[in-house]
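Undergrad: Here's a structure for you.
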Amino acid sequence: MSLRIESITDADFSEVADLWFQSWLSTGAAHSEGVTAAILEDRLANEPWDMWLARIGRDIAAFLAIDRSDACLSQLFVAPEFQGRGIGLELFNLAKLELPEGFWLRTDEGNSGARRFYDRHGLIVDRIEDGRAYYTWCP
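For the sequence shown, the residue numbers in this note's numbering are 3 to 141.
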């Protein structure tokens with residue numbers, strides 16, 4: 003089946019929040035104390051993000067959130083069962099199109115999969131602080 007990228011709507015929040023939570027837990031770097039899919043769903047509804055999802059068939063495979071006001075790639079998560087298929091790269095490339103002057107992001111220092119992905123795709127580590135790795139992408 004083909005990959006479709008579309009804007010996230012309010013009707014998608016619950017399913018996207020569940021994907022976010024499951025993907026975040028799958029990193030092995032996540033600290034889940036006090037974090038729930040419901041809390042993440044509330045963030046989706048209230049953060050100043052532009053958001054997209056990647057769909058394969060009827061399944062939501064991944065999502066991207068950017069904050070234009072801060073030139074930040076805020077969230078990029080791929081459902082564990084869809085990882086390794088290039089879906090994250092499709093959304094990453096969308097972020098580069100949407101923020102063509104560059105952006106920054108942060109990830110947990112222990113999220114080795116994300117860190118390998120960002121290193122492989124040309125992001126530069128600015129600093130590691132309080133257990134987080136801060137990256138920058140410049141065109």
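All C-beta atoms, glycine included, are put in the ideal place defined by N, C-alpha and C. What you are looking at is a predicted structure, and each value in this text was computed from that prediction instead of being measured.
When the Cα atoms are used, what is the spatial distance from Trp26 to Phe79?
TA: Using only the alpha carbons, I get a separation of about 7 Å.
Undergrad: In whole angstroms, give me the CA-to-CA distance for Asp69 and Gly133.
TA: Cα to Cα, Asp69 sits roughly 22 Å from Gly133.
Undergrad: Measure the beta-carbon distance from Trp54 to Ser9 and round it to whole angstroms, keeping in mind my assumption that it falls under 8 Å.
TA: Going by Cβ atoms, the distance from Trp54 to Ser9 rounds to 6 Å, so yes, they are a contact pair.
Undergrad: From Tyr138 to Asp52, what does the alpha carbon distance come to, in whole angstroms?
TA: The sequence given here places Thr at residue 138; Tyr does not occur at that position. The straight-line gap from Cα to Cα measures roughly 19 Å.
Undergrad: Return the residue from the list Trp22, Arg6, Asn48, Glu92 that minimises the CA-CA distance to Arg60.
TA: Here the closest residue by C-alpha is Arg6.
Undergrad: Just confirm the distance between the C-beta atoms of Ala56 and Trp106, as a whole number of angstroms; I'd bet it's less than 8 Å.
TA: With 8 Å as the limit, Ala56 and Trp106 do not qualify as a contact, their Cβ atoms being about 22 Å apart.
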